[in-house]
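Below: one structure, written as structure tokens.
In our numbering, the protein residues as written are 89 to 512.
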């Protein structure tokens with residue numbers, strides 16, 4: 089991806105400086121680089137509905153696999169939604185305050201935006217004409233889930249998936265178990281296909297960056313640096329401030345003690361950029377370093393690898409608003425609230441693998457009227473950001489395990505460990 093980013097950016101900057109108004113550049117964008125990017129996006133959109141539906145249904149349904157842990161499952165779900173909301177609020181506040189995507193020439197941005205919408209066809213759904221106020225809220229509940237999926241109404245599909253998952257949680261029969269296994273099979277197949285599609289990402293990124301750099305020139309690099317800074321700032325605030333407060337007042341432990349004993353899992357998350365790949369290490373850290381009860385830590389961390397993705401929610405929120413600012417798409421407060429909800433639910437349904445949030449971000453962009461092609465602007469630096477947000481995701485899972493463990497029959501030990509906590 090980094091090679092594709094550099095190749096596309098270099099070629100685009102060269103064309104921007106040497107052939108600023110050449111006709112053949114427009115032809116290349118129209119007939120070569122544009123279609124390459126569209127193929128990549130269409131393949132992602134083809135798979136995003138079954139991916140998010142199956143991930144959400146299985147994630148919710150698995151909370152009731154063991155009857156004795158249902159109460160733990162409810163606590164985990166409530167905590168996940170609450171802390172994810174805090175994460176997205178931090179992200180939206182950071183972007184609105186610092187405006188990393190502002191300052192681009194409005195004429196160029198609108199020209200590129202119009203071209204992108206025309207090339208994307210039915211994929212890019214404009215926010216214009218969509219119901220507002222109470223009608224927008226009611227539309228979250230689909231009257232026809234098939235029609236909602238056909239219209240790429242992802243929020244309605246996610247709502248149906250949450251309700252369906254709760255239904256599987258309540259129905260404890262062999263048939264329901266087989267249905268859950270079938271949906272889990274759909275998730276596995278979809279993830280495998282997305283893994284194949286991601287292999288095309290370097291070519292798509294090169295095409296996207298050529299299109300953007302040939303129009304915006306060096307201004308693109310300035311905006312990109314500001315974007316990376318805002319993402320890292322929001323991730324840092326959530327890690328240092330939000331988690332420290334949660335650990336102290338809800339978990340009853342010292343944040344310094346927690347971070348020191350969790351560092352092995354955090355380093356593994358940073359290196360692999362995958363919550364799923366870090367899960368075995370996180371389980372061992374929870375039981376051996378944090379001394380949490382295994383029955384709770386295994387449940388919370390397994391669910392958290394898919395559901396509790398605070399770093400992913402922050403990344404998605406910052407990315408959507410940054411690209412909206414970059415392309416001059418003004419989002420109302422109501423539309424930003426919808427972005428917030430989408431990022432929370434998207435975090436629950438995002439797979440814990442490298443670049444797992446890519447399909448969700450692309451779809452949210454299309455929903456709010458921002459060209460999904462713009463995602464190519466951030467993919468070149470996504471590997472670093474992916475490593476950072478995965479570190480936050482895994483740290484958040486361990487934080488959730490500490491919070492949920494408190495008050496259970498087996499909790500954080502009160503002997504040597506507690507004494508260490510007090511000393512710290």
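Idealized CB from N, CA, C, for every residue including glycine. Predicted model, so just to flag it, every value in this text is computed and none were measured.
query = Quick one: is residue 423 buried, meaning 16 or more other Cβ sit within 10 Å of its Cβ, or exposed?
reply = Indexing the chain shown from 1 puts residue 423 at position 335. With a 10 Å radius around the Cβ and a threshold of 16 neighbouring Cβ atoms, residue 423 comes out buried.
inquiry  = In whole angstroms, give me the CA-to-CA distance for residue 221 and residue 416.
reply    = Indexing the chain shown from 1 puts residue 221 at position 133. Indexing the chain shown from 1 puts residue 416 at position 328. At residue 221 the pLDDT is 44, less than 50, meaning the model places this residue with poor confidence and gives no usable figure here.
task = Look at the Cβ atom of residue 353, then the Cβ atom of residue 366, and state whether they are nearer than 8 angstroms.
result = The count along the chain shown starts at 1 and reaches residue 353 at position 265. The count along the chain shown starts at 1 and reaches residue 366 at position 278. Yes, the pair counts as a contact, with Cβ atoms nearer than the cut-off.
inquiry  = Which residue marks the beginning of the alpha helix (DSSP H) containing residue 323, and which one marks its end?
reply    = Mapped onto the chain shown, residue 323 falls at position 235. Run containing residue 323: 307-325, per the alpha helix (DSSP H) assignment.
task = Assign residue 89 to one of three DSSP states: helix, strand, or coil.
result = In the chain shown, residue 89 corresponds to position 1, counting from 1. Looking at residue 89 - three-state DSSP - the assignment turns out to be coil, as it is neither helix nor strand.
inquiry  = Quick check: what's the CA-CA separation for residue 402 versus residue 293?
reply    = The sequence position of residue 402 within the chain shown is 314, counting from 1. The sequence position of residue 293 within the chain shown is 205, counting from 1. Residue 402 and residue 293 have their C-alpha atoms roughly 22 angstroms apart.
inquiry  = Within 10 Å of its beta-carbon, does residue 404 have 16 or more other beta-carbons around it, so buried, or fewer, so exposed?
reply    = For the purposes of this step, residue 404 is taken as residue 316 along the chain shown, with counting starting at 1. By the 10 Å Cβ count, residue 404 comes out buried.
Burial state of residue 96 (16 or more Cβ within 10 Å) = Sequence index remark: in the chain shown, residue 96 carries index 8 (1-based). Flag for residue 96 reads buried.
request  = Helix, strand or coil for residue 351, going by three-state DSSP, please let me know.
outcome  = Within the chain shown, residue 351 is the residue found at index 263, counting from 1. DSSP places residue 351 in helix when its eight states are reduced to three.
query = For the candidate residues 136, 301, 339, 325, whose alpha-carbon lies nearest to that of residue 94?
reply = Counting from 1 along the chain shown, the entry for residue 94 is found at position 6. The residue with the shortest Cα to Cα distance from residue 94 is 301.
task = Could you check if residue 370 is buried or exposed, using at least 16 other CB atoms within 10 Å of its CB as the buried criterion?
result = By 1-based counting over the chain shown, the position of residue 370 is 282. It counts as buried.
query = Where do the ends of the alpha helix (DSSP H) carrying residue 262 lie?
reply = Your numbering for residue 262 matches position 174 in the chain shown. 262-286 is the span of the alpha helix (DSSP H), which, as asked, contains residue 262.
message = Let me make sure I understand the geometry here. Which of 491, 326, 487 has the alpha-carbon closest to that of residue 181?
response = If you number the chain shown from 1, residue 181 lands on position 93. For residue 181, the nearest C-alpha among the options comes from 326.
ask   = If you compare alpha carbons, which of 344, 249, 381, 259 is closest to residue 143?
value = For this step, residue 143 is matched to residue 55 along the chain shown. Checked all of 344, 249, 381, 259; the closest Cα to residue 143 is 249.
message = Between 489, 320, 129, which has its C-alpha nearest residue 286's C-alpha?
response = As a first step, residue 286 is located in the chain shown; it is residue number 198 there, counting from the start. Of 489, 320, 129, the residue nearest in Cα terms is 129.
task = Would you mind giving the Cβ-Cβ distance between residue 139 and residue 282, rounded to the nearest angstrom? I have them listed as a contact below 8 angstroms.
result = Residue 139 sits at position 51 when you count from the first residue of the chain shown. Residue 282 sits at position 194 when you count from the first residue of the chain shown. That belief holds up - the Cβ atoms of residue 139 and residue 282 are roughly 7 angstroms apart, short of 8 angstroms.
request  = Quick one: residues in its chain with C-beta nearer than 6 angstroms to the C-beta of residue 163, no 5 flanking neighbours on either side, listed in chain order?
outcome  = Your numbering for residue 163 matches position 75 in the chain shown. Result list for residue 163: 492, in chain order.
query = Can residue 490 and residue 310 be called in contact, C-beta distance under 8 angstroms?
reply = By one-based count along the chain shown, residue 490 stands at place 402. By one-based count along the chain shown, residue 310 stands at place 222. Cβ distance not < 8 angstroms, so residue 490 and residue 310 don't count as in contact.
ask   = Run through DSSP, which three-state label would residue 481 get?
value = The residue you call residue 481 lines up with position 393 of the chain shown. The answer is helix: DSSP assigns residue 481 an H, G or I state.
task = Closer than 7 angstroms by C-beta to residue 469: which residues in its own chain qualify, once you throw out the five before and the five after it? Chain order, please.
result = Residue numbering aside, residue 469 sits at position 381 when the chain shown is read from its first letter. Taken in chain order, the residues that qualify are 312, 316.
query = What is the residue span of the alpha helix (DSSP H) that residue 236 lies within?
reply = Within the chain shown, residue 236 is the residue found at index 148, counting from 1. It spans 233-238 - the alpha helix (DSSP H) in which residue 236 sits, taken as one unbroken run.
request  = For residue 241, count neighbouring Cβ atoms within 10 angstroms of its own Cβ and tell me buried if that reaches 16, exposed if not.
outcome  = Locating residue 241 in the chain shown gives position 153, counting from the first residue. With at least 16 other beta carbons inside 10 angstroms of its own, residue 241 counts as buried.
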